[in-house]
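Engineer: This is the structure, below, for whatever I ask next.
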Amino acid sequence: MAVTESYFYDDLPVVLSASRLAQSQSNTPSAMTVIDKKMIRASAALNLPDLLRLVPGFTVGFFAGTSATVTYHGHADEYARDMQVLIDGRSVYDPVFGGIPWTEIYLSLDEILRIEVIRGPNAAAYGSNSYAGVINIVTEHPADLTGTMLSVTTGYGKTRFVEAAHADRVGRLDYRLSTSYKEGEGFDNRDDSSRTKWLKLDSDYNIDLNNSIRTTLGVAYGNYDEGLPGLLSQERELDNQYNYQFVEWNRVLSEKSKVSLQFYHNYYSIDDLNHTISLSQQISTLDLLQGFDESLRADIFAATLSGGAYDFEAFLNALNLTDSPMVYSWLGMKSHRYDLEFEHTFEPSDNLRIVWGVGARHDRGESYWLLQQDDPISRDMYRLFLNAEWYATPETVINLGSMLEKFEGKDHVFSPRLGINQHLTPSDTIRISGSRAYRMPTIYEDNSHVSLYLDSQDDEFNTWVISTEDLEPEQIERIEIGYFGHYTEYGINFDLCLFHEEYSNIIDQYVHFDIADPDRGITDPFALEVLSQLQGFYQNGAFTYTNFGEVEIDGIEFEIDFRPTNRDLIFLGFSYLDISGNELKRIKDGVASFRENAEEKIPKRTFSLIASHSFDDGFTASGAYYFTDEMEWPGEGDAVPNFSRLDLKLNKHIEFSGNEIDISLILQNLHNENFDFFQNEDPDPFNVWERRIYLQAKASF
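The sequence shown runs 109 to 809 under the numbering used here.
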């Protein structure tokens, strides 16, 4: 009997993310993890970042109660710029800071069909910023979710979370309208409460048998408490807005050919203006002056810096200062992304499938506080891509992918990938692939100019962050050898991957002590020296960006998905990394200092385990365990000890008269308290994961 593609294809998950072609998981050129509905329901996760803890090699950190960063193989700060995240083909990557606004892009976990995670670069399919990996979130079609759903969750930190959705069909139009509201107090000992509301419309209109239009519209409003008590990071409120519009036309040309045209627009704004207390009030809070009467502290501080020459009033006059609050903003900004893409998929022969396309993108960022200009900064990009799957023999599949991109103000970049999958038996596949990808600097990295001001933006006092050079894109090259086993009779999928990654031209932030602070028009040498000491009290030099860092990673990752019956699920993921590399630490007096500590910023091991069993009476019990080795979070983060978390979930499913009710008890972090992103023990620890308990009720009718 002749061996055909279906011989290796039956009963395997069909995925889209690896090459833009629908493929069985045994045919993909990259290691990938699929989180399906059963895993989502079994988990005790209440948000998308928590779900991604299941993926081998992934690191998740919450730097505030609702604000998360998600990265693959670490080396990411609050804004994980190395990950591409797609929701039904729409990128949600922010062009100003990079990273993903996880809270604002909220998706109900009930509407997710599956999450396809490419572990490794995939720029050949999705372009720059598909650098360390791709997370493709595939939602349910509106036609598959008919009816009404209500959900209420309450628990730890005064969490109140309400969701409502209704889906129906009107003529040729399928639609789903959903809304939700969530509030909570976040971490203890931290002012990070949040109040967020979302509204979303998802529709699909069938024009005829060959043409359809998919439209998604969404808007989110969030109000967040932010900041920590201190000289500069005052507690305050942020007002965020996020909206998007997505439309996609699909046309079937024949049984072996189809085209699509999609357009989307993302808008994101953060209103965050931070006023500190006045200069004299800041001085009065200094620990080193606590032994003195408060009325004398400003004079003592001025005399200390000037060697006894100034009292506070003379100090202000000599340095051309006023006793004003410092004014600055880390995050106040607006961003837009407009993207248009045409795609054509066809089969020129029985053993060859090709997808190709062209696209154009316009990004725009606006922030006086971050970029030191009133006008927005724009950047255009154009791309051409092609991916092909060729059955050289019935047992040998070759995947070839390429992406050519041209960014405004940058040289063009070419991202290739070649993969060979050899089917040894219907159950066993060996995979070998190599790829290269790039990460473009964000608008902020290319144009940052953040300062401290006195009272208003007209009086610049201290340069905080400034871009000083034309940055090149980061580059990664990866070679992997993998094995995929699919044993239907035992209900087991097994994936093993050995890989070598080389990161170069890494964009790193470092301290440049030779960057001068703003000129205040002072000519007296003594006053200039005192001013320099005062400016250095807040920060010496300035942070800036450069292409310097280099990292090499050798690693092994595997995952086991075991489902012996339709009632049972066990999933296990593991990653082990051997890391080396260096980065620029500072420049002072023209001399550069380096540090070889890449291994400290990337956890050596991650582990995840989830298990679930459904009983006859409608009860389901599940548990999950996650472990991440000790690491140092870059940016504003700290070195944190290893993170381990044990979750449990008990669910009761009730059906009556065509209606369904689910009642769940969710327990998170049962066994241990963990620092997350920050580690601060004095005076009160914050960002500590404590034991959390939630009660959730859902009704579908």
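Ideal Cβ positions, reconstructed from N, Cα and C, are used throughout, including at glycine.
Excluding the 5 residues flanking Arg539 on each side, which residues of the same chain have their C-beta closer than 6 angstroms to its C-beta?
Structural biologist: Within the same chain, Arg539 has close Cβ partners Asn529 and Gly590.
Engineer: Roughly how many angstroms lie between the CA atoms of Asp218 and His721, to the nearest whole one?
Structural biologist: Whole-angstrom Cα-Cα distance: 19 angstroms.
Engineer: Tell me the rounded alpha-carbon separation between Asp158 and Glu577.
Structural biologist: When rounded, the distance between both Cα atoms is 37 angstroms.
Engineer: Measure from the alpha carbon of His444 to the alpha carbon of each residue in Asn374, Thr261 and Lys266, then state which is nearest.
Structural biologist: It is Asn374.
Engineer: According to DSSP, simplified to helix, strand and coil, what is Ile769?
Structural biologist: If DSSP states are grouped into helix, strand and coil, Ile769 belongs with the strands.
Engineer: Rounded to whole angstroms, what is the Cα-Cα separation between Asp185 and Thr167?
Structural biologist: Taking the straight line joining both Cα atoms gives about 11 angstroms.
Engineer: Looking only at its chain, what residues have a beta carbon closer than 7 angstroms to the beta carbon of Ile678, apart from the 5 residues adjacent to it on each side?
Structural biologist: Around Ile678: Phe670 and Ala719.
Engineer: Identify the continuous beta strand (DSSP E) that holds Thr167 and give its terminal residues.
Structural biologist: Its beta strand (DSSP E) spans residues Phe166 to Phe170.
Engineer: Can you tell me the Cα-Cα spacing of Asn297 and Glu798, whole angstroms?
Structural biologist: For Asn297 and Glu798, the distance between alpha carbons rounds to 12 angstroms.
Engineer: Could you tell me which uninterrupted beta strand (DSSP E) segments, each at least 3 residues in length, are contained entirely in the stretch 523-577, listed from first to last along the chain?
Structural biologist: Within the stretch 523-577, the complete beta strand (DSSP E) runs of at least 3 residues are 536-547, 557-562 and 568-574.
Engineer: Straight-line CA distance for Tyr117 to His249?
Structural biologist: Only weak support exists for where Tyr117 lies, its pLDDT of 44 falling under 50; the value from the coordinates is given anyway. Rounded to whole angstroms, Tyr117 to His249 spans 24 angstroms at the Cα level.
Engineer: By Cβ distance below 6 angstroms, which residues in the same chain neighbour Lys308 in space, the five residues on each side in sequence not counted?
Structural biologist: Cβ within range, chain order: Ser286 and Gly326.
Engineer: Which word fits Phe354, buried or exposed, when buried means at least 16 other C-beta atoms lie within 10 angstroms of its C-beta?
Structural biologist: It is buried - the Cβ of Phe354 has at least 16 other Cβ atoms within 10 Å.
Engineer: Residues in the same chain with beta-carbon distance under 7 angstroms from Glu474, minus the five sequence neighbours each way, listed in chain order, please.
Structural biologist: Here the set comprises Met441, Lys442 and Pro484.
Engineer: Out of Leu639, Tyr490 and Leu508, which one is the CA nearest neighbour of Asn53?
Structural biologist: Since the first residue shown for the chain is 109 and the last is 809, residue 53 is missing from the structure and cannot be characterised.
Engineer: State the start and end residues of the unbroken beta strand (DSSP E) segment that holds Ile615.
Structural biologist: First-last of the beta strand (DSSP E) with Ile615: Ile600 to His620.
Engineer: Between the Cα of Ala283 and the Cα atoms of Phe269, Gly255 and Lys266, which residue gives the shortest distance?
Structural biologist: A small correction: the amino acid at residue 283 is Tyr; Ala does not occupy that position in the sequence shown. The option with the nearest alpha carbon to Tyr283 is Gly255.
Engineer: Who are His470's beta bridge partners in DSSP?
Structural biologist: Its beta-bridge partners are Tyr446 and Asp488.
Engineer: Using the rule of at least 16 other Cβ atoms within 10 Å of the residue's Cβ for burial, across every protein chain shown, is Tyr239 buried or exposed?
Structural biologist: Burial call: buried.
Engineer: Can Tyr611 and Glu582 be called in contact, C-beta distance under 8 angstroms?
Structural biologist: Cβ distance < 8 angstroms, so Tyr611 and Glu582 count as in contact.
Engineer: Residues in the same chain with beta-carbon distance under 6 angstroms from Thr261, minus the five sequence neighbours each way, listed in chain order, please.
Structural biologist: Cβ within range, chain order: Phe269, Tyr802 and Gln804.
Engineer: Just verifying my parser: in three-state terms, what is the DSSP assignment at Ala152?
Structural biologist: In the structure shown, Ala152 sits in coil (DSSP, three-state: anything other than H, G, I, E or B).
Engineer: Relative to the alpha-carbon of Thr384, which residue among Phe420, Ile408, Glu343 and Glu402 has its alpha-carbon at the smallest distance?
Structural biologist: Answer by Cα proximity: Glu343.
Engineer: At the 8 angstroms Cβ level, is Arg303 part of the contact set with chain B, yes or no?
Structural biologist: Structure shown: chain B not included; a single protein chain is present.
Engineer: In the DSSP assignment, find the beta strand (DSSP E) that holds Asp686 and state where it starts and stops.
Structural biologist: Taken as a continuous stretch (DSSP letters only), the beta strand (DSSP E) holding Asp686 covers Asp676 to Lys696.
Engineer: Using the three-state DSSP reduction, which class does Ala635 fall into: helix, strand or coil?
Structural biologist: Note: Ala635 maps to helix in three-state DSSP.
Engineer: Within its chain, find whatever has a CB closer than 7 angstroms to the CB of Ile148; leave out the 5 residues flanking it on each side and keep chain order.
Structural biologist: Same-chain partners within the cutoff: Leu159, Leu217 and Ile220.
Engineer: For Leu680, which residues in the same chain have their Cβ closer than 6 angstroms to its Cβ, ignoring the five residues on either side in sequence?
Structural biologist: Correct list, in chain order: Ile668 and Leu717.
Engineer: Give me the residue from Leu429, Glu513, Asn507 and Ser523 with the minimum Cα distance to Leu560.
Structural biologist: When only C-alpha atoms are compared, the closest one is Leu429.
Engineer: Verify whether the separation of the beta carbon atoms of Gly465 and Glu455 is less than 8 angstroms.
Structural biologist: Taking 8 angstroms as the Cβ cut-off, Gly465 and Glu455 do not qualify as a contacting pair.
Engineer: Do three or more CB pairs link the stretch 518-533 to the stretch 227-239 at distances below 8 angstroms?
Structural biologist: The answer is yes - the stretch 227-239 touches the stretch 518-533, with three or more Cβ pairs under 8 angstroms.
Engineer: Is the Cβ-Cβ distance between Ile623 and Ile584 less than 8 angstroms?
Structural biologist: No, these two residues do not count as a Cβ contact at 8 angstroms.
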